[in-house]
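K.L.:
As given, the protein sequences belong to chains C and R, one line each in that order. For the first sequence, position 12 matches number 12 in this note's numbering, and the numbering has no gaps at all. Count along the second sequence starting at 1, add 1000, and that's the number in this note's numbering. First the structure, then my questions, so here it is.
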Amino acid sequence: MDRVPILKIGDVLLVSIQIDMEDHVALQLQEDLAERIVVTGCHGVVIDISALDIVDSFVGRTLATIASISRVLDAETVVVGMRPAVAITLVELGLSLPGIRTALNVELGMDLLVQERMLVPMNDGDDESHD
Amino acid sequence: MTERIEVTADQDVVRVRQLVRTVAVGVNLSLVDQTKLVTAASELARNTLVYGGGGTVEIGQVQNGRRAGIRIVFTDRGPGIADVELALTDGYTTGGGLGLGLSGARRLVDEFDIDTAVGQGTSITVTKWCR
Chain C
1 MDRVPILKIG DVLLVSIQID MEDHVALQLQ EDLAERIVVT GCHGVVIDIS ALDIVDSFVG
61 RTLATIASIS RVLDAETVVV GMRPAVAITL VELGLSLPGI RTALNVELGM DLLVQERMLV
121 PMNDGDDESH D
Chain R
1001 MTERIEVTAD QDVVRVRQLV RTVAVGVNLS LVDQTKLVTA ASELARNTLV YGGGGTVEIG
1061 QVQNGRRAGI RIVFTDRGPG IADVELALTD GYTTGGGLGL GLSGARRLVD EFDIDTAVGQ
1121 GTSITVTKWC R
């Protein structure tokens, strides 16, 4: 069965969706990510959708659900790389993905998460690196 | 020339998306219009599967004078839609989704027709024209 790989980079889990996902693959990703957030203790999730040529309401809803689940598990989600035609279509479809952070590419998404984290006043105090 | 896909499982929805994309490229639909049509087809094929209990999707080229277009017909023998107006309202769902599939798909195409009766199934025809 197709499965979307999840990579850990420092304090961030990186997911790059490279296939036209069947619905159950999207749901599997949702479960896998929740599991990996808890196991790794990562505080950020970056989901790269630059390879997706469409995002329909099912995938849109899945992304929103992933963002909500992550937040409950103390991780922020940023969706990156949306193609312009996909953005136009999503909005016309009626799905503006409220509550989802976005960035134009993986690098900017990573930066966004790092900045966020530094803005949070409660840190460990010393400079423990994130493994 | 009309292509026909039987929709009985998740992976058939993916096949519908891919075939619609191929035909859309073939008639020179713009990238944004391709994206809109493939997204609409994805929503409607999923409805055929989830609400109609499976069915068929027929995809063909159409011609109106010099204008080329694509026509897609989604047919199921499911329970039918009792209140079409209500079903076309943003946010209305009987299946736990976002309620954007039908109403959103209508916005993404140029022509949209529903033929349905309770107990008789549903047939939805959509057309997208080249500009």
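By construction, the Cβ of each residue, glycine as well, lies at the ideal position given by its N, Cα and C atoms.
(1) Determine the closest residue to THR1035 (chain R) out of C:GLN30, C:LEU104, C:THR65 and C:LEU90, with distance taken between C-alpha atoms.
(2) Taking C-alpha atoms, which residue in C:ASP53, C:ILE69, C:GLY44 and C:THR65 lies nearest to GLN115 (chain C)?
(3) Under 8 Å Cβ to Cβ from VAL1109 (chain R), same chain only, skipping five residues before and after it: list those, please.
(4) Spatial neighbours of ASP131 (chain C) within its chain, please: C-beta separation below 7 Å, excluding the five flanking residues on both sides.
(5) At a Cβ cut of 7 Å, what residues of the stretch 51-67 of chain C count as close to chain R, listed as they run along the chain?
(6) Do you know how far the Cα of LEU1044 (chain R) is from the Cα of SER1103 (chain R)?
(7) Going by CA-CA distance only, name the one from C:GLY60, C:VAL38, C:SER68 and C:VAL46 that's closest to ALA103 (chain C).
(8) At the level of alpha carbons, what is the spacing between SER129 (chain C) and VAL86 (chain C)?
(9) Whether or not the stretch 1001-1019 of chain R and the stretch 35-44 of chain C are in contact is what I'm after, with contact meaning three or more pairs of Cβ atoms, one per stretch, closer than 8 Å; do they touch?
(10) With burial defined as no fewer than 16 other Cβ atoms inside 10 Å of the residue's Cβ, what is the status of THR77 (chain C): buried or exposed?
(11) Output the distance between the C-alpha atoms of THR1074 (chain R) and LEU97 (chain C), rounded to the nearest integer angstrom.
(12) How many Å lie between VAL1062 (chain R) and CYS1130 (chain R) at the Cα?
(13) Which residues in chain R have a C-beta closer than 7 Å to the C-beta of ILE102 (chain C)? List them in chain order.
(14) Could you tell me which residues DSSP puts in a beta bridge with ALA1105 (chain R)?
(15) Quick check: ILE49 (chain C) and GLY81 (chain C), are their CB atoms within less than 8 Å of each other?
(16) Give the DSSP-derived three-state secondary structure of LEU13 (chain C) in the structure shown.
(17) Of all the residues that make up the stretch 1101-1112 of chain R, which are near chain C by a beta-carbon distance shorter than 9 Å?
(18) Just to confirm, are ASP1033 (chain R) and GLY94 (chain C) a CB contact at a threshold of 8 Å?
(19) Please report how far the alpha carbon of ILE1005 (chain R) lies from the alpha carbon of ARG1071 (chain R), in whole angstroms.
(20) Check whether chain R comes within 8 Å of VAL86 (chain C), counting only Cβ atoms and requiring the distance to be less than that.
(21) With a Cβ-Cβ cutoff of 8 Å, do ILE17 (chain C) and ASP2 (chain C) count as a contact?
(22) Which residues in chain C have a C-beta closer than 7 Å to the C-beta of GLU1006 (chain R)? List them in chain order.
(23) May I have a chain-ordered list of the alpha helix (DSSP H) segments no shorter than 4 residues that lie completely inside the stretch 86-120 of chain C?
P.N.:
The answer reads as follows:
(1) C:LEU90
(2) C:GLY44
(3) LYS1036, LEU1037, ALA1040, VAL1126, THR1127 and LYS1128
(4) For ASP131 (chain C), the pLDDT reaches just 48, beneath the cut-off of 50, and the residue's location in the model is therefore unreliable, although a value from the coordinates is still provided. Cβ within range, chain order: n/a, list empty.
(5) ASP53, ILE54, ASP56, SER57, PHE58 and ARG61
(6) 10 Å
(7) C:VAL46
(8) Any reading at SER129 (chain C) must be qualified, since the residue scores a pLDDT of 49, below 50, and its modelled position is unreliable; no value is offered.
(9) no
(10) buried
(11) Position check: residue 1074 (chain R) holds Phe in this sequence, whereas Thr was assumed. Whole-angstrom Cα-Cα distance: 27 Å.
(12) 10 Å
(13) Residue identity differs from the one stated: residue 102 (chain C) is Thr in this sequence, not Ile. Under the 7 Å cutoff, chain R gives no residues; its nearest Cβ is about 17 Å from THR102 (chain C).
(14) Beta-bridge pairing links ALA1105 (chain R) to no other residue.
(15) yes
(16) strand
(17) GLY1101, SER1103, GLY1104, ALA1105, ARG1107 and LEU1108
(18) no
(19) 14 Å
(20) yes
(21) no
(22) Result: empty, since nearest Cβ-Cβ is about 16 Å, beyond 7 Å.
(23) 106-119
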